[in-house]
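J.: Numbering-wise, the sequence shown is residues 3 to 102 according to the numbering used here.
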Amino acid sequence: MRMKSSRFKAILKEAWYISVTGHPMYRMSQKLKSVKKAMKQLNKIEVYSIFDRFVYARLEVERIQIDIQSDPVNPELLNMEITLVGHLKHLLTLENDFYK
Numbered sequence: 003m004r005m006k007s008s009r010f011k012a013i014l015k016e017a018w019y020i021s022v023t024g025h026p027m028y029r030m031s032q033k034l035k036s037v038k039k040a041m042k043q044l045n046k047i048e049v050y051s052i053f054d055r056f057v058y059a060r061l062e063v064e065r066i067q068i069d070i071q072s073d074p075v076n077p078e079l080l081n082m083e084i085t086l087v088g089h090l091k092h093l094l095t096l097e098n099d100f101y102k
């Protein structure tokens with residue numbers, strides 16, 4: 003999940019290339035702690051935003067489907083539903099990837 007983020011490599015580099023003095027094993031442990039902290043923060047930002055976006059997208063699909071019930075031949079509403087359902091499926095895939 004994290005590796006699919008567009009900012010993953012930059013955040014990883016920034017966390018790894020901190021300046022630490024001391025014994026090589028100590029430097030390694032401090033760098034790993036720095037990476038862990040950065041990955042936790044990235045995870046919090048990315049995952050929570052996926053859950054929020056999924057809920058919002060599901061509500062939008064439900065809203066469009068209610069509108070379609072009142073105007074079933076409106077091509078604009080039908081196209082919006084197709085687009086939103088595709089987006090919802092994409093978010094669901096991201097959410098499922100998180101749980102793997």
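Note that the Cβ used here is the ideal one computed from N, Cα and C, for glycine as well.
None of the values given here were measured: they were computed from a predicted structure.
Below 7 angstroms CB to CB, which residues in the same chain sit around residue 73 once its five sequence neighbours on both sides are set aside?
T.: Correct list, in chain order: 79.
J.: Tell me whether residue 81 sits in a helix, a strand or coil according to DSSP, three-state version.
T.: Helix at residue 81.
J.: Quick one: what does DSSP say residue 60 is sitting in, helix, strand or coil?
T.: Here residue 60 sits in helix by DSSP.
J.: For the pair the stretch 26-43 and the stretch 55-65, tell me if three or more CB-CB distances fall below 8 angstroms.
T.: Output reads no: the stretch 55-65 does not touch the stretch 26-43.
J.: Between the C-alpha atoms of residue 38 and residue 90, what's the straight-line distance to the nearest angstrom?
T.: Each residue's Cα considered, the two are about 30 angstroms apart.
J.: For residue 20, collect the residues of the same chain with a Cβ closer than 6 angstroms to its Cβ; drop the 5 residues on either side in sequence, then sort them by chain order.
T.: Excluding sequence neighbours, residue 20 sits near 36.
J.: Tell me which residues share the same chain as residue 66 and place their Cβ nearer than 8 angstroms to its Cβ, disregarding the 5 neighbours each side in the sequence.
T.: Same-chain partners within the cutoff: 79, 82, 83, 86.
J.: Only counting the same chain, and skipping five residues up and downstream in sequence, which positions put a Cβ closer than 8 angstroms to that of residue 16?
T.: These residues qualify, in order along the chain: 40.
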